[in-house]
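A.B. asks:
In the working numbering, the protein residues as written are 24 to 377.
1) Answer yes or no: do residue 310 and residue 156 have a C-beta to C-beta separation smaller than 8 Å?
2) So, residue 333 versus residue 65, is the Cβ gap smaller than 8 Å?
3) Following the continuous alpha helix (DSSP H) through residue 164, name the residue where it begins and the one where it ends.
4) Measure from the alpha carbon of residue 132 to the alpha carbon of each residue in 196, 315, 163 and 284, then state which is nearest.
5) Put residue 154 into one of helix, strand or coil per three-state DSSP.
6) Taking 6 Å as the limit between beta carbons, can you name the residues of its chain near residue 7, skipping five residues before and five after?
7) Taking residue 95 as the reference, give the member of 269, 77, 264 and 179 with the closest Cα.
8) Please state whether DSSP places residue 282 in a helix, a strand or coil.
9) Below 6 Å CB to CB, which residues in the same chain sit around residue 287 once its five sequence neighbours on both sides are set aside?
10) Is residue 221 closer than 8 Å to residue 87 when the C-beta atoms are compared?
11) How many Å lie between residue 55 and residue 174 at the Cα?
12) Closest Cβ-Cβ distance between residue 244 and chain C: below 8 Å?
13) Counting pairs of Cβ atoms below 8 Å between the region 208 to 228 and the region 270 to 279, do you hit three or more?
14) Give me, in chain order, the residues of the same chain whose beta-carbon lies closer than 8 Å to that of residue 196; leave out the 5 immediate sequence neighbours on both sides.
15) Measure the C-alpha to C-alpha separation of residue 98 and residue 363 and round it to an integer number of angstroms.
16) How is the alpha helix (DSSP H) around residue 258 delimited, first residue to last?
17) With DSSP as the reference, label residue 208 as helix, strand or coil.
18) By alpha-carbon positions, which one of 330, 297, 300 and 302 ends up nearest to residue 313?
19) Mind checking residue 353: buried by the 16 CB within 10 Å criterion, or exposed?
20) In angstroms, rounded to a whole number, what distance separates the CA positions of residue 167 and residue 47?
21) Is the CB-CB distance between residue 301 and residue 251 below 8 Å?
22) With a CB to CB cut of under 6 Å and the five nearest residues on each side skipped, what residues in its chain are close to residue 60?
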């Protein structure tokens, strides 16, 4: 979810949904965690904390937080929900499909390539069900975007005094949370609690009384320390996506860091904001590039040179893709989808009033 969408929509939504500059850098940091984890694995460096998995948790929390910030307090309608899905789909699908095609091309060139993009895997990936490399995290993200429609709709009904749909949403969420360990990693129930922590954390920021205490420099420092200590010392890779405390701490931390203070300034630098803007492209392409060049035998220097070279290969091509292609693909596909939707509404005016 691109934080700049908040800026683009701020005139249409509640005043609290201002542009949250620190979140760009936080997204960039999460992406760097994932990149660092894969480099560590490739070069068999001394074991480090599970940075990669922690980065993914931050990504999921941010998705829930930003969906809630952008849409939860806006009026739900067929028109708004379709535009929401268009915005989500055109943000994710174009660069994701390019990354899938890229991985398939590398597999065709090198059949021993780590991403085994067989015809079956290719088909799964195209329809957001793939599990090769980093692609595994896209299915639960897409599924949450669909599930968010129920959260959005039921919250609107709840505020209007109709509790029925809210109870349905709560019971369904509880059922998925209780059974989360029985679901495969590609399914939303296994990660729903992470998204929901982000969704709920956004409401803390919307409360003036709570945000006045939560979004302060002392709270930001304290939550940063507690989250880091808990994540590094207590959570294991096996429990990271299942246990409930760590993503809850991340949710509180993200909410706290959403307001600018002296402590958030490192996340608001141009470098970190660029990293955050390009994070989706970096996430999609870095691992495929890293594994491909490793298979080609590029990393035959000393460990320092190999790490520097791997960092450049993981970051420079994806950032270039973001600047030159991703933004254009997102814009063109969104405009095309919205134009098509407007034509449909013009033909069936009743849809515009639904």
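Built from N, CA and C at the ideal position, the CB exists for glycine as well.
C.D. replies: Let's see:
1) The answer is yes: Cβ separation under 8 Å.
2) yes
3) 161 to 182
4) The residue with the shortest Cα to Cα distance from residue 132 is 315.
5) coil
6) Coverage of the chain is limited to positions 24 through 377, which leaves residue 7 absent and any answer about it impossible.
7) 179
8) coil
9) 45 and 280
10) yes
11) 31 Å
12) Absence of chain C from the displayed structure is noted, only one protein chain being present.
13) Taking 8 Å as the limit for Cβ pairs, the verdict is that the region 270 to 279 does touch the region 208 to 228.
14) 215 and 219
15) Cα to Cα, the separation comes out at about 22 Å.
16) It is not in any alpha helix (DSSP H) - residue 258 carries neither H nor E in the DSSP assignment.
17) coil
18) 330
19) Residue 353 comes out buried.
20) Approximately 21 Å, taken between the alpha carbons.
21) no
22) 74 and 75
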